[in-house]
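Quick notes on the structure that follows.
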Amino acid sequence: MDFTFSKIERLCSKKAIDDLFANGKSKTQFPFKLIYKKTEFESPFPVRVMFVVPKKKHKRANKRNDIKRRMREVYRLNKHTLYESLQTQKIDLMFICLSNEELEYVTIEKSMLQLIDSITKMSFSDIKKN
RNA sequence: AAACAGGUUUGUUUCAUCGCUCUUUAUAUUAAGGGAGGAAAGUCCGGGCAACGCAGAGCAAUUUGCCAUCUGAAAAGAUGGGUAUGUUUUUAGGAAUAAAAGCAUAACAGAGAGUGUCACAGAAAACCAGGUAGCCAUUAUGUUUACAUAAUGGUCAUAGUGAAAAUGUGAGGUAAGAGCUCACAUGUGUAAUUGGUAACAAAUACAUAGGACAAACCUCUUAUGUUGUAAGGCCAUGUAAACUCUAAUUUUGUGGCGGCUCGUCACAAUAACUUCGGUUAUGUUAGAGAGGGUAGGCUGCAUAGAUAAAUGAUGAAAGUCGUGCUUGCACGAAACAGAACUCGGCUUAUAGAACCUGUUUUUAU
RNA sequence: GGCUUUGUAGUACAAUGGAUAGUAUUUGGGUUUCCGAAGCCUACGAUCUAGGUUCGAUUCCUAGCAAAGCCA
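Below, the structure is given as C-alpha cells:
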C-alpha cells in the first residue's frame with residue numbers, strides 16, 4: 025500500500041481549475057463540498073485533487089492552514105479505495121470547506137469518507153453503463 | 001501574603017509510525033542534511049537592490065521641531081537635564097494660597113509677521129474697544145429748590161453672561177472715574193551682567209499690560225527625483241511568409257537540371273496604362289507605425305524557501321496549570337498567531353512562567 | 001507581495017469645528033375604507049472602535065478594526 029502524496033497528484037494548472045469551476049458537478053456533505061469532473065491527462069495516478077478553505081469563512085491564515093493540512097492527511101490515508109475503483113478512468117476533484125468553525129480531525133474524516141464513497145459508487149455505475 | 005494594573009525577558013521537551021518541501025551524493029528511488037516568529041501581522045517610516053529620469057535655481061507637495069551626550073548608514077532610539085501641565089505628600093497660614101520634594105504626561109519652534117475662526121449668551125469675543133444701561137458735569141424746562149425729564153459732553157469703578165472679559169490687591173487722586181500716580185505682586189519684550197557646554201535660571205535697568213486656536217491657513221527651520229521584485233532581465237509559444245506607410249530592387253505559374261529554404265533553363269498566363277517599343281502591379285529586402293495574440297519556464301531568490309504556495313497527522317512519555325478526590329491517580333487546558341526579495345526601526349495582539357514598579361485589602365511586629 | 005481609497009438610522013445619501021446630527025425609503029402605531037393598496041398624521045432608529053488637540057469633534061491628529069479597488 026502506498027501512502028505518498030507528491031506534487032504530481034495535485035491539481036495545479038489554472039486552466040484545469042477554471043474548467044472545473046465552469047463545467048464540474050458538485051455534491052455537498054456538510055461541512056464540505058466536492059466538485060468533480062472527468063478529464064484526460066498524462067500521469068501514473070488516476071486522480072488530481074485540490075483543497076480549498078475560503079478566506080471569507082476563516083480570517084486567520086494559521087487556521088486556514090490547519091484545516092487544509094488535516095484535509096490533505098485524510099485524503100492521503102484513504103485514497104487507495106478510490107484508486108482501485110477508478111482503474112483507468114481519469115478524474116479531477118476539489119474539496120471546499122464551508123463551515124465557520126475550526127474542525128477536529130475526526131469530523132473531517134467522517135464527512136470526507138462519505139464523499140469518497142459516493143464517488144466510488146458513481147464510477148462503478150459509469151463503468152457498467154459503458 | 002493575596003488581588004489588580006503597568007513594564008522587561010521567555011514563548012515546553014523527547015521518542016515511534018506514516019508523510020510534505022528543498023539541497024547534496026548516488027541513481028531511478030535509496031541515503032545524509034536543512035525546514036516558521038517575537039511579533040513572520042499592520043504596511044506607519046528609513047535603507048539595500050532594480051527600472052526610468054536628471055544643466056542650475058525657484059514654486060508646489062510631503063516632512064523634522066526644547067537642550068546636551070551616546071548608539072546608528074539613515075529613520076529613530078537610550079541616558080541625563082530644562083520648561084509646562086496634572087497629581088500626591090510635607091511645611092507655613094484662620095483661609096484663599098504659597099514653597100519644597102516625589103510621580104506621571106507632553107505632536108515641547110513661532111499667536112509681538114500676516115490672514116482666518118471664536119456658536120448660544122452677553123454692553124462688548126479683538127487690537128489705540130465700548131451703547132438709547134449705570135455714574136458724573138453743563139445747559140434748558142418744570143416746580144416741591146433738590147428732585148424729575150430732555151439735549152450735549154466726560155467715564156468704564158458697577159453689570160445674574162460665557163470655555164474665555166482687557167493684569168490683581170491697597171492707597172492717593174477726581175465732578176465721576178481711569179496704571180492717571182504710588183507701593184507690593186503677576187506676566188511680556190529689549191539691553192548688558194552672573195551661573196550653566198546648552199536649553200534655561202537668577203537678579204538689574206528701560207519699555208509695556210499686546211485673549212485663545214498653528215492637531216486652521218501660514219512663517220521660520222530640517223530633509224526629500226518618481227515608481228516598486230506583479231520592479232527588471234533572458235527564453236519559449238504564436239495570428240505571421242499577416243496589415244498600412246516609406247525606400248531600394250523587379251513579375252507570376254508549370255516542368256527539367258544542379259550543390260534542392262536557393263540558382264538557372266524552357267514553355268505558358270492575368271489586370272491596368274500606353275507614344276504599341278514596352279512600363280507598372282500580383283514579388284523580394286530593409287526601416288517605421290498601428291492593432292492584436294500569448295497568460296508558460298528560467299532568473300531576480302537567500303545557510304527555511306515555494307509559486308493554487310512545504311514546515312504535518314496519529315500515538316506514547318516527562319514537565320506546567322486547573323478540577324475532582326481514592327493523595328498519586330483520573331479528566332481537561334496550554335496564548336497571540338503562519339514566511340514569499342531583504343535589513344533596521346515604530347505600532348498593535350499575546351495563555352502561562354520569572355523578575356521589577358505601583359495601588360488596594362488582610363495579618364503580624 | 002506592493003500601492004490606494006472608504007466607513008453616518010435596516011437601505012441609499014447630506015451636514016463650514018457650534019443648539020436636540022438632516023432627507024428619502026423601510027419598520028411600528030393612528031386616520032381613511034365594507035376590507036386592502038395609495039394618501040395623510042405620528043413614533044422608533046445611527047456618526048466603525050479607542051485615545052488625543054480644542055471651551056466644544058461626524059468633521060482635525062494618532063493607533064486599531066472592517067470593507068472595497070488597482071498592478072502584467
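Position one of the first sequence corresponds to residue 25 (this note's numbering), numbered consecutively onward.
Glycine included, each C-beta is placed from N, C-alpha and C at the ideal position.
**Asked** What do you reckon, are the CB atoms on I115 and V77 nearer than 9 Å?
**Response** No, the Cβ-Cβ distance between I115 and V77 is not below 9 Å.
**Message:** Let's see if you can read the secondary structure: which residues bound the alpha helix (DSSP H) around S109?
**Reply:** A85 to L110
**Item:** N- and C-terminal bounds of the beta strand (DSSP E) containing S50
**Value:** K49 to Q53
**Prompt:** What are the boundary residues of the beta strand (DSSP E) that includes F29?
**Reply:** It is not in any beta strand (DSSP E) - F29 carries neither H nor E in the DSSP assignment.
**Asked** Nearest-angstrom Cα distance between T28 and H104?
**Response** 10 Å
**Request:** Reducing DSSP to helix, strand and coil, say where I151 ends up.
**Result:** Model confidence at I151 stands at a pLDDT of 47, short of 50, so the residue's coordinates are unreliable; what they give is reported in the following sentence. It is helical.
**Item:** Euclidean distance between Cα positions of C121 and F56
**Value:** 5 Å
**Message:** Distance check for Y99 and K92, CA to CA, integer angstroms please.
**Reply:** 11 Å
**Request:** Measure the CB-CB distance between K51 and S142 and report whether it falls below 9 Å.
**Result:** yes
**Prompt:** Mind checking I59: buried by the 16 CB within 10 Å criterion, or exposed?
**Reply:** Here I59 is buried. Its C-beta has 16 or more other C-beta atoms within 10 Å.
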